[in-house]
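Residue numbers (the numbering used here), protein chains in the order written: chain A, 1 to 112; chain B, 113 to 225.
Have a look at the structure below, then the notes.
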């Protein structure tokens with residue numbers, strides 16, 4: 001068990017729709033990051049939250065947004081889905097001072 | 113863009129040491145070298161990290177050259193379960209907006225029986 005749980009594991013949406021992906025982190029993991037991983041590529045940083053505030057963002061458009069909640073859960077929202085949004089979405093969290101991030105197993109999003 | 117370069121693939125015999133190289137010639141003084149691995153269909157897993165001294169933990173050893181421009185991850189006795197994509201990443205340790213991990217394509221390690 002990794003301590004980071006993502007839901008759903010797989011999802012199929014239609015172009016133009018909106019999607020919400022969820023992540024539940026371990027207690028005390030006050031930093032959470034979201035990544036997008038296309039097939040055969042390394043993960044690409046979307047954004048990071050620390051204590052419910054966004055404190056870092058990658059090169060993703062504003063239709064990618066997120067929230068972090070006091071109970072160490074978080075969400076990634078994507079509006080106006082495009083075919084290129086099809087990817088594995090990874091949530092990673094860590095406690096202050098931890099050696100590395102703990103990743104979930106991801107949500108596989110397919111946009112058709 | 114990733115600040116590291118790694119060979120795209122490597123093979124290793126089961127039970128032998130796997131030595132995975134990484135070049136990071138533009139590394140800054142405050143940047144650590146991190147290694148993660150990703151087994152097929154799973155999320156990445158943290159392995160080890162270091163600044164300039166060699167590091168060892170229960171999973172692996174990390175050897176960083178004196179000029180810090182390259183490093184090697186060593187899996188001392190590779191098993192079939194070590195078959196994965198291994199990513200070498202450099203990341204600043206200080207606070208601020210430079211928090212993201214920038215991933216390259218990694219090295220796909222195949223451990224063969």
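Where is the CB? At the ideal position from N, CA and C, for every residue including glycine.
Because the structure is a prediction, the values reported are computed rather than measured.
Check                                                                                                                                                                                 : Outcome
Quick one: Cα of residue 155/B to Cα of residue 103/A, how far?                                                                                                                       : 5 Å
Of all the residues that make up the stretch 64 to 83 of chain A, which are near chain B by a beta-carbon distance shorter than 7 Å?                                                  : none
For the stretch 142 to 155 of chain B, enumerate the residues whose C-beta is nearer than 8 Å to any C-beta of chain A, in chain order.                                               : 146, 148, 153, 154, 155
Does the separation of the CB atoms of residue 81/A and residue 19/A fall below 8 Å?                                                                                                  : yes
Please report the distance separating the alpha-carbon of residue 163/B from that of residue 74/A.                                                                                    : 31 Å
Is there contact between the stretch 16 to 35 of chain A and the stretch 44 to 56 of chain A, where contact requires at least three CB pairs shorter than 8 Å?                        : yes
Using a Cβ-Cβ cut-off of 8 Å, state whether residue 209/B counts as contacting chain A.                                                                                               : Residue placement at residue 209/B cannot be trusted, given a pLDDT of 46 that sits under 50; what the coordinates show is reported in the next sentence. Judged by the 8 Å Cβ criterion, residue 209/B is in contact with chain A.
Among 190/B, 171/B, 169/B, 152/B, which has the Cα closest to the Cα of residue 126/B?                                                                                                : 190/B
Is residue 194/B helix, strand or coil when you go by DSSP?                                                                                                                           : helix
Using a C-beta cutoff of 8 Å, does residue 45/A count as contacting chain B?                                                                                                          : yes
Can you grab the Cα-Cα spacing for the pair residue 207/B / residue 70/A, in whole Å?                                                                                                 : Low per-residue confidence applies at residue 207/B: pLDDT is 48, beneath 50, and the placement is therefore not dependable, though the value from the model is reported in the following sentence. So the alpha carbons of these two residues sit roughly 21 Å apart.
Please look up how many angstroms separate the CB atoms of residue 131/B and residue 184/B, rounded, as I've assumed it's under 8 Å.                                                  : 5 Å
For the candidate residues 223/B, 180/B, 187/B, whose alpha-carbon lies nearest to that of residue 172/B?                                                                             : 187/B
Would a check of beta-carbon distances place residue 161/B closer than 8 Å to chain A?                                                                                                : yes
Quick check on residue 83/A: does DSSP put it in helix, strand or coil?                                                                                                               : helix
Where residue 146/B and residue 27/A are concerned, what is the direct C-alpha to C-alpha distance, given to the nearest angstrom?                                                    : 24 Å
Mind checking if residue 36/A is an interface residue toward chain B, Cβ cutoff 8 Å exclusive?                                                                                        : no
Out of 148/B, 166/B, 179/B, 119/B, point me to the one whose CA is closest to residue 158/B's CA.                                                                                     : 148/B
Count the other C-beta atoms from every protein chain shown that fall within 10 angstroms of the C-beta of residue 118/A, then say buried if there are 16 or more, exposed otherwise. : The displayed coordinates of chain A run from 1 to 112. Any statement about residue 118/A would go beyond what the structure contains.
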